[in-house]
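In our numbering, the protein residues as written are 120 to 484.
Put into structure tokens, the structure is as follows:
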């Protein structure tokens, strides 16, 4: 598959910031528009700064990068403020409190947190602690929007999280999870195994997943729990995690073992395949092929690889998405939905959604 020139340039400068001096204004124009769509301009600026290449960026382009970097700094402060208030609400809770994704990367000071735009804070607690956690948060003003009985049941019985919580004094949504994937779906990593090896964050009440588990969660979130559409930022996270943790002794052996124990070898295979393809992510030779039972059968690879490759990058900023990308997005959305629920509940859920959509269409003035 041939990527648009703007997207190819974005990939290249993300992976090789030293190449920034070779881009002319026309190329930068495409990089900025593709990068903004992918929510990666602030990440790109952080990488350019680490590589000492910011001075090579033309002033008009630098303005765009600086603007998104200012937004990333604001969101960083919003995450820290939200964590402080949630910490106060849950003080004394006798259960592990594990941060996930962006908030976890931030409190660990990982490179992938630099310039990362966030929209929510994700917290993992044992399922038995959910009632107390929710009650405490509601006492402090966190509320979910009003849901009908079907959606309420969908969240509380069929998904891996409470309905999203919002607070009038906070800019970010709070998602409280009891596991990392829908508990009725095709893959069901045992949350107690994740919690058992989670690690404390020094000087805070928070914990984070073990390094191998953070990589597995990033891969599962992207390649099992989403339709992959315009999710390049998540692949950038995965690449950065692998580059950082991969230098630690024993990481690759732990990653292989945890993928087997948690049953997440397949999404890990996809993650490493596409990270290597787009960013030349380093890994031991043939590591992906060593993940037990993870490599998809050839017909599945032939189908899935072009579908994912067509929707994962941002769209061409100069053209509307073509029929191929639109079809791939629909197919991958259907796959993601099918992976979340058993067939009987899936049919019931889709029927309710279709009936609701039809009623809303009839009621449009």
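Note that CB positions come from ideal geometry on N, CA and C, so glycine has one too. All figures in this text were calculated on a predicted structure; none of them were measured in a lab.
Practice item. Give the C-beta separation of residue 294 and residue 280 to the nearest angstrom, bearing in mind that I take them to be a contact with Cβ-Cβ under 8 angstroms. Key: Right, their Cβ atoms sit about 5 angstroms apart.
Exercise for review: Quick one: give me the first and last residue of the beta strand (DSSP E) that residue 219 is part of.
Suggested key: Start and end: 217–219.
Check your understanding: Start and end of the beta strand (DSSP E) containing residue 292?
Key -> Per DSSP, residue 292 belongs to the beta strand (DSSP E) from 292–296.
Review point. Taking the beta strand (DSSP E) that residue 240 falls in, what are its first and last residues?
Key: If you look at residue 240, you'll find it in the beta strand (DSSP E) that goes 239–243.
Exercise for review: Say whether the region 233–246 touches the region 340–350, bearing in mind that this needs 3 or more beta-carbon pairs closer than 8 angstroms, one atom from each stretch.
Suggested key: Result no; under three Cβ-Cβ pairs closer than 8 angstroms.
Practice item. Indicate whether residue 220 and residue 325 have their beta-carbon atoms separated by less than 8 angstroms. Key: For the 8 angstroms CB-CB criterion, residue 220 and residue 325 do not form a contact.
Check your understanding: So, is residue 192 buried or exposed, given that buried needs 16 or more other C-beta atoms within 10 angstroms?
Key -> So residue 192 ends up on the exposed side.
Check your understanding: I think residue 437 touches residue 394, with their Cβ atoms under 8 angstroms apart; what is that distance to the nearest whole Å?
Key -> The Cβ separation is near 26 angstroms, so there is no contact.
**Study point:** Of the listed residues 169, 143, 145, 278, nearest to residue 133 (C-alpha basis)
**Key:** Out of 169, 143, 145, 278, 169 has the C-alpha closest to the C-alpha of residue 133.
Check your understanding: In terms of alpha-carbon separation, which member of 187, 175, 135, 137 lies closest to residue 152?
Key -> Relative to residue 152, the option among 187, 175, 135, 137 whose CA is nearest is 187.
**Study point:** Cα-Cα separation between residue 160 and residue 463, rounded to whole angstroms
**Key:** In this structure, the straight-line span from the alpha carbon of residue 160 to that of residue 463 is close to 43 angstroms.
Practice item. Give me whichever residues DSSP pairs with residue 284 in a beta bridge. Key: Looking at the DSSP output, residue 284 sits in a beta bridge with 293.
Exercise for review: Assign residue 264 to one of two classes, buried (16 or more other C-beta atoms within 10 Å of its C-beta) or exposed (fewer than that).
Suggested key: Within 10 angstroms of the beta-carbon of residue 264 lie fewer than 16 other beta-carbons, which makes it exposed.
Exercise for review: Using beta-carbon positions only, say whether residue 202 and residue 222 come within less than 8 angstroms of one another.
Suggested key: Between residue 202 and residue 222, the gap from beta carbon to beta carbon is short of 8 angstroms.
Check your understanding: Are residue 177 and residue 147 close, meaning C-beta to C-beta below 8 angstroms?
Key -> Their beta carbons are under 8 angstroms apart, which means residue 177 touches residue 147 by this criterion.
Practice item. Buried or exposed for residue 413, please, with buried defined as at least 16 other CB atoms from any protein chain shown within 10 angstroms of its CB. Key: With a 10 Å radius around the Cβ and a threshold of 16 neighbouring Cβ atoms, residue 413 comes out buried.
Exercise for review: Would you kindly check if the distance between the Cβ of residue 313 and the Cβ of residue 383 is under 8 angstroms?
Suggested key: Contact: no.
Check your understanding: So residue 234 and residue 156 are in contact, right, with Cβ under 8 angstroms, and what is the actual spacing, rounded?
Key -> Not quite, the Cβ-Cβ distance comes to about 16 angstroms (not below 8 angstroms), so this is no contact.
Practice item. Measure the C-alpha to C-alpha separation of residue 164 and residue 327 and round it to an integer number of angstroms. Key: Roughly 26 angstroms separates the two Cα atoms.
Practice item. Please name the residue, chosen from 303, 431, 429, 398, that lies closest to residue 460 on a Cα-to-Cα basis. Key: With distances taken between Cα atoms, residue 460 lies closest to 303.
Review point. Cα separation between residue 322 and residue 206?
Key: Cα to Cα, residue 322 sits roughly 13 angstroms from residue 206.
Point to revise | residue 310, buried or exposed, once every other Cβ within 10 Å from all chains shown has been counted against 16 | key: Buried.
Exercise for review: Go ahead and label residue 211 buried or exposed: buried means 16 or more other beta carbons lie within 10 angstroms of its beta carbon, across all protein chains shown.
Suggested key: Residue 211 is exposed by the Cβ-count criterion.
Review point. By the 10 Å Cβ neighbour count, where 16 or more other Cβ atoms means buried, how is residue 386 classified, buried or exposed?
Key: Around the beta carbon of residue 386, 16 or more other beta carbons lie within 10 angstroms, which makes this residue buried.
**Study point:** Three-state class that DSSP yields for residue 327 in the structure shown
**Key:** Shown here, residue 327 sits in a strand according to DSSP, grouped into three states.
Check your understanding: Going by the beta-carbon positions, is the gap between residue 390 and residue 338 smaller than 8 angstroms?
Key -> Yes; because the gap between Cβ atoms is below 8 angstroms, this pair is in contact.
Review point. Just curious, the alpha helix (DSSP H) that residue 459 is in, first and last residue?
Key: First-last of the alpha helix (DSSP H) with residue 459: 442–459.
Exercise for review: Alpha carbon to alpha carbon, how far is residue 458 from residue 228? Give it in angstroms, no decimals.
Suggested key: For residue 228 and residue 458, the distance between alpha carbons rounds to 33 angstroms.
Review point. So which of 154, 198, 199 has the shortest CA-CA distance to residue 183?
Key: The candidate whose alpha carbon is nearest that of residue 183 is 154.
Exercise for review: Please name the residue or residues paired with residue 230 in a DSSP beta bridge.
Suggested key: Partner(s): none; residue 230 has no beta bridge.
Point to revise | Contact check, residue 495 vs residue 404, beta carbons under 8 angstroms | key: Any property of residue 495 remains undetermined from this structure, which presents the chain solely from 120 to 484.
Check your understanding: Start and end of the alpha helix (DSSP H) containing residue 182?
Key -> Its alpha helix (DSSP H) spans residues 178–208.
**Study point:** Rounded straight-line distance, which links the Cα of residue 442 to that of residue 308
**Key:** As the crow flies, the alpha-carbon of residue 308 is around 36 angstroms from that of residue 442.
Review point. From what residue to what residue does the alpha helix (DSSP H) around residue 258 run?
Key: For residue 258, the uninterrupted alpha helix (DSSP H) segment begins and ends at 249–258.
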